[in-house]
Amino acid sequence: MPQKKRTVKQPGKKKKPFLLVKGLEEPAVAFLPPVRVELLGNRQAVVDGCRGIIEYSDSCIRLSAQGLILKFTGTGLEIRAFTESEAIVAGTILGLEYS
21 MPQKKRTVKQ PGKKKKPFLL VKGLEEPAVA FLPPVRVELL GNRQAVVDGC RGIIEYSDSC
81 IRLSAQGLIL KFTGTGLEIR AFTESEAIVA GTILGLEYS
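Position one of the sequence shown corresponds to residue 21 (this note's numbering), numbered consecutively onward.
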């Protein structure tokens, strides 16, 4: 019965990052925008890359985020947390616009 060849993983070897175009030297992550919005249903939004609050009411929250303005509309809106780079908007989110 022939023996199976065993492959041994080399310690310290890492996979190359996924490239968008063959021959392109930048990984795909380099092309992602510096702002990320994660919606958790229509009840909460986490905004990474937030720089400041432009408008704040229980029906409209506008945030400044690295070249974008994000406008959340809904009912019972509030900012649950705000740090130098992240904001959490909670309430019933009915719309999200960016400009």
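Note that CB positions come from ideal geometry on N, CA and C, so glycine has one too. Everything numeric in this text was worked out from a predicted model, so none of it was measured.
Assigned exposure category for Gly87 - 16 Cβ within 10 Å defines buried
Classification for Gly87: exposed.
For Ser77, which residues of its own chain have a beta-carbon under 8 Å away from its beta-carbon, when the five flanking residues on both sides are left out?
Leu97
Measuring straight from C-alpha to C-alpha, what distance separates Ser79 and Glu104?
23 Å
Mind checking Leu124: buried by the 16 CB within 10 Å criterion, or exposed?
No answer is possible for residue 124: the residues shown for the chain start at 21 and end at 119.
Using a threshold of 8 Å, state whether the C-beta atoms of Ile89 and Ile73 are closer than that.
no
According to DSSP, residues forming a beta bridge with Leu90
Leu83, Tyr118
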